[in-house]
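The next block holds one structure in the form of structure tokens; read it before the comments.
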Ligand code: PMP
């Protein structure tokens, strides 16, 4: 049907009415709701965007940024505690590796980046929370192949406070996890911003009343969570996690926890484990920079152990910061 131009929805601002087609009649619907800004963007006082610090609700990137067009970029998330960055050295080493794998040049020196990270913390008054850092291949006319040499990578840094007391309460209760087929690409060892399968998996978990989704490979082995590494304590009392090959991201928290496990005389087995083994495990837990060591008490609606956070997971969580670096 031909719609005269003047009948298309008016664009006069929030008070304008919308016109919709009902059957073969044009009807005037109620006034559209004024879009509400996301409060968390307002609460972000300052973001670093390509050399400038700007208020969170005005921090924007170009529409031709390759991160936006192709998810052609990488990121890091670091924990911040008592005003210190936790395991900065390891996060920066992983960042350098991710950039290298994608052949994106590091856009600034490590010391300049360190100054930006701290300035973001200061401007956002973050003592306890997380730092988010993203580097993309930069802005260029849309074309899948790499842009001309010399295209400057884009850098974004944000910092947010987190309610660590709420995290402790979650850890004391433990969380539920679901399992899903791992449908990601083979290079999940690169911390790329290309996270669509992870987004869909996390949403599926939320819709089933769980906090995390564990991916399972075609052999029935758990790979990792949508935003965390996966662990169990076997029937024999050994701490088990998948080896850090190409099937998982080499979590920084995972690496530090391996040191904690050794220091406390626990036995570690880096080997794949199946969902069946996880269902029957003594304990299960996950690790990530923002969640640290988080006990898992249900997997696919089956209670793990006695259905409460396990003693090993709880002890490892308590000991974690004795082994992490603070800078
Ligand atoms: N795996 C995936 C897929 C993740 O997104 C994360 C969190 N970034 C992790 C593992 C845990 O890594 P880290 O301990 O460095 O936060």
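Numbering (my numbering), first residue to last: 1352 to 1678.
C-beta atoms are modelled at their ideal positions from N, C-alpha and C, and glycine is treated no differently.
Because the structure is a prediction, the values reported are computed rather than measured.
Return the chain-ordered list of same chain residues with a C-beta closer than 7 Å to the C-beta of residue i, the five sequence neighbours on each side being excluded.
i	result
residue 1461	1443
residue 1430	1437, 1481, 1640, 1641
residue 1515	1479
residue 1503	1458, 1489
residue 1344	An answer regarding residue 1344 cannot be provided, because it is not within the stretch 1352 to 1678 covered by the chain.
residue 1423	1417, 1487, 1488
In or out: residue i buried (at least 16 other Cβ within 10 Å) or exposed?
i	result
residue 1559	exposed
residue 1536	exposed
residue 1446	buried
residue 1521	exposed
residue 1416	buried
residue 1382	Low per-residue confidence applies at residue 1382: pLDDT is 47, beneath 50, and the placement is therefore not dependable, though the value from the model is reported in the following sentence. The residue is exposed, with fewer than 16 neighbouring Cβ atoms inside 10 Å.
residue 1542	buried
residue 1577	buried
residue 1587	exposed
residue 1533	buried
residue 1402	exposed
residue 1463	exposed
residue 1466	exposed
residue 1449	buried
residue 1667	buried
residue 1550	exposed
residue 1477	buried
residue 1517	exposed
residue 1499	exposed
residue 1598	buried
residue 1547	exposed
Run through DSSP, which three-state label would residue i get?
i	result
residue 1657	coil
residue 1572	strand
residue 1381	Confidence in residue 1381 is poor, its pLDDT being 48 and thus under 50, which makes the residue's placement too unreliable to answer from.
residue 1461	helix
residue 1408	helix
residue 1474	helix
I'd like the list of long-range same chain contacts for residue i, defined as Cβ closer than 6 Å, with 5 residues on each side in sequence excluded.
i	result
residue 1580	1602, 1605, 1638
residue 1595	1601
residue 1525	1646, 1648, 1660
residue 1623	1572, 1593
residue 1483	1428, 1509
residue 1561	1527, 1528, 1529
residue 1455	1488, 1504
residue 1669	none
residue 1634	1584, 1656, 1661, 1663, 1664
residue 1452	1541
Near residue i, which residues of its chain fall below 8 Å by C-beta distance, leaving aside the five closest residues on each side in sequence?
i	result
residue 1531	1552, 1555, 1564, 1565, 1566, 1567
residue 1435	1677, 1678
residue 1653	1630
residue 1441	1603, 1606, 1607, 1676
residue 1512	1475, 1476, 1477, 1478, 1479, 1480
residue 1497	1454, 1488
Are the C-beta atoms of residue i and some chain D residue less than 8 Å apart?
i	result
residue 1667	Here chain D cannot be found, since the structure has a single protein chain.
Contained beta strand (DSSP E) runs [length at least 3] in the stretch 1582-1670, N- to C-terminal order: Counting only runs of 3 or more, we get 1590-1592, 1619-1621, 1634-1639, 1643-1650.
Length at least 4, wholly inside the stretch 1479-1565: the alpha helix (DSSP H) runs in chain order: The stretch 1479-1565 is shown to contain whole alpha helix (DSSP H) runs of 4 or more residues at 1515-1524, 1547-1558, in chain order.
3-residue-minimum beta strand (DSSP E) runs that sit fully inside the stretch 1394-1457, ordered along the chain: Entirely contained in the stretch 1394-1457, the beta strand (DSSP E) runs reaching 3 residues are, in chain order, 1398-1400, 1403-1405, 1424-1432.
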